[in-house]
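The listed protein sequences derive, respectively, from chains A and B. Sequential numbering from 368 applies to the first sequence in the numbering used here. Sequential numbering from 368 applies to the second sequence in the numbering used here. All C-beta atoms in this analysis are idealised placements derived from N, C-alpha and C, irrespective of residue type, glycine included. The structure appears right after this line, and notes come after that.
Number of protein chains: 2
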Amino acid sequence: MPSPLQAPSRTLELEKFLPYRLSVLAQLVSESLHDLYAGPFDLAVTEWRVMAALGRFAPLTASEVGQRIVMDKVAVSRAVAGLEKRGLVERTADRADRRRAPLRLSARGRSVHARIVPLALEYEAELYGALTPEERRQFDALSDRLFIHAQLLRQNR
Amino acid sequence: MPSPLQAPSRTLELEKFLPYRLSVLAQLVSESLHDLYAGPFDLAVTEWRVMAALGRFAPLTASEVGQRIVMDKVAVSRAVAGLEKRGLVERTADRADRRRAPLRLSARGRSVHARIVPLALEYEAELYGALTPEERRQFDALSDRLFIHAQLLRQNR
DNA sequence: GCCGATTGGTTTCAGATGTAACTATTATGC
DNA sequence: GCATAATAGTTACATCTGAAACCAATCGGC
Numbered sequence: 368m369p370s371p372l373q374a375p376s377r378t379l380e381l382e383k384f385l386p387y388r389l390s391v392l393a394q395l396v397s398e399s400l401h402d403l404y405a406g407p408f409d410l411a412v413t414e415w416r417v418m419a420a421l422g423r424f425a426p427l428t429a430s431e432v433g434q435r436i437v438m439d440k441v442a443v444s445r446a447v448a449g450l451e452k453r454g455l456v457e458r459t460a461d462r463a464d465r466r467r468a469p470l471r472l473s474a475r476g477r478s479v480h481a482r483i484v485p486l487a488l489e490y491e492a493e494l495y496g497a498l499t500p501e502e503r504r505q506f507d508a509l510s511d512r513l514f515i516h517a518q519l520l521r522q523n524r
Numbered sequence: 368m369p370s371p372l373q374a375p376s377r378t379l380e381l382e383k384f385l386p387y388r389l390s391v392l393a394q395l396v397s398e399s400l401h402d403l404y405a406g407p408f409d410l411a412v413t414e415w416r417v418m419a420a421l422g423r424f425a426p427l428t429a430s431e432v433g434q435r436i437v438m439d440k441v442a443v444s445r446a447v448a449g450l451e452k453r454g455l456v457e458r459t460a461d462r463a464d465r466r467r468a469p470l471r472l473s474a475r476g477r478s479v480h481a482r483i484v485p486l487a488l489e490y491e492a493e494l495y496g497a498l499t500p501e502e503r504r505q506f507d508a509l510s511d512r513l514f515i516h517a518q519l520l521r522q523n524r
């Protein structure tokens, strides 16, 4: 007969439930970071992510951006439209394949990018201040494994 | 003079950036779970969370629900409206304070709740399958500390 | 008791997001 | 070469979300 200690919990305590906890943590962190750059630069989260991708890997087409930052092409298209309107991103022409529109940061875009990166890294460093360097490595490794595993679970449905 | 090893990274690699990683992980997990109960029960994430809160702590008023599950009152109001329309949640009257509307699951609501809980716990268990029991405890503890710390950082602005 | 402030909750409006349809261009099979 | 399929990206529509305005009921000071 199963001992009570072995029986899995049949009640769901939301505040201990992993999917819920991840969601609340991620949202708090994302909003906190957004507060830092939204005021001075008036960027949406999606827009900032596109800029971050282009800041590192330009030129990229819209769909390449999407692959890098896990954003669907519609979201990328809209973010790019906003960034282009404000002169932060430039669209170039690919003469070999005219469907594609390689993107890169404009001079202004690079300037904004260069000012946000330190803000973002500083916030991340403050956040990691909750953990020792060793714990930080642990957390990174464990969350990575959760992510890989979640992807596997999702595929096998 | 600072050694290169001590210098903090001045480039932002999105795929290693904690806020970004948390966001992508949380979204993947949340969507995977949603897939499990959305098909059979047609519940939005917010609706399921309200049901989970009421399943454990009913009766609760709308604002008490909001406090427990970190959802603003507008979102709670809308989720409750949808649940009530489908007969999953009942609104009772508080005769001492007629502004308040204590909520509880209906019989149907309890039945749906009782069928979703095992699905959710099973998914969580599969997800935790990526980690050993010891690692799982570590991850829970570390993510908790990140959360507390993120809240502190946010207040001190 | 009465008036202004507070609280519980809903509605409204504007912006964000996802799905599907659409346009334009390039690749493929025959 | 031409018809069909596939790909890059945008547009349209329907839904979701958040902020602020709003209504109703209660509290607090006097």
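Burial state of residue i (16 or more Cβ within 10 Å)
i, result
"GLY496/B", "exposed"
"LEU421/B", "buried"
"THR428/A", "buried"
"VAL441/A", "exposed"
"ARG482/B", "exposed"
"GLU313/A", "The question about residue 313/A has no answer here: the residues shown for chain A are numbered 368 through 524."
"LEU519/B", "exposed"
"SER478/B", "exposed"
"GLY476/B", "buried"
"ILE436/B", "buried"
"ALA508/B", "exposed"
"GLU382/A", "exposed"
"ARG416/A", "buried"
"PHE384/B", "buried"
"GLU414/B", "buried"
Partner residues on chain A for residue i, Cβ-Cβ distance less than 9 Å
i, result
"VAL484/B", "ARG377, THR378, LEU379"
Amino acids of chain A, ordered along the chain, whose beta-carbon sits closer than 8 Å to that of residue i
i, result
"SER397/B", "PRO386, LEU389, SER390"
"LEU400/B", "PRO386"
Min CB distance residue i to chain A below 9 Å
i, result
"PHE408/B", "no"
"LYS383/B", "yes"
Residue i - containing alpha helix (DSSP H), residue span
i, result
"GLU502/A", "500-522"
"LEU403/A", "385-408"
"ARG467/B", "Counting along the chain, ARG467/B falls outside any alpha helix (DSSP H), and DSSP gives it neither H nor E."
"MET418/A", "412-424"
"ARG453/A", "From DSSP, ARG453/A is part of no alpha helix (DSSP H); its letter is neither H nor E."
"SER478/B", "474-495"
"GLU431/B", "429-436"
Range covered by the beta strand (DSSP E) that runs through residue i
i, result
"VAL456/B", "456-458"
Per-residue contacts from residue i into chain B (C-beta, under 7 Å)
i, result
"LEU437/A", "The question names Leu, but residue 437/A in the sequence shown is Val. Those within 7 Å of VAL437/A in chain B are VAL391."
"ARG512/A", "ALA497, LEU498"
Per-residue contacts from residue i into chain B (C-beta, under 8 Å)
i, result
"GLN518/A", "LEU395"
"ALA487/A", "LEU379, PHE384, PRO386"
Contact with chain B by residue i, beta-carbon distance below 9 Å
i, result
"ALA419/A", "yes"
"LEU455/A", "no"
"GLY433/A", "no"
Residues that residue i contacts on chain A, provided the C-beta gap is smaller than 7 Å
i, result
"GLN505/B", "GLN505, LEU509"
Inset, instruction - Could you list the residues in the region 491-503 of chain A with a C-beta less than 8 Å from some C-beta on chain B, going in chain order? - result: Flagged, chain order: GLU491, ALA492, GLU493, LEU494, TYR495, GLY496, ALA497, LEU498, GLU502.
Legend entry - Selection of the region 458-482 of chain A by Cβ proximity to chain B, strictly under 7 Å: Against chain B - using a Cβ distance shorter than 7 Å - the region 458-482 of chain A contributes no residues.
Inset, instruction - Output, in sequence order along the chain, the residues in the region 438-452 of chain A whose CB is closer than 8 Å to any CB in chain B. - result: Cβ contacts with chain B come from no residue of the region 438-452 of chain A.
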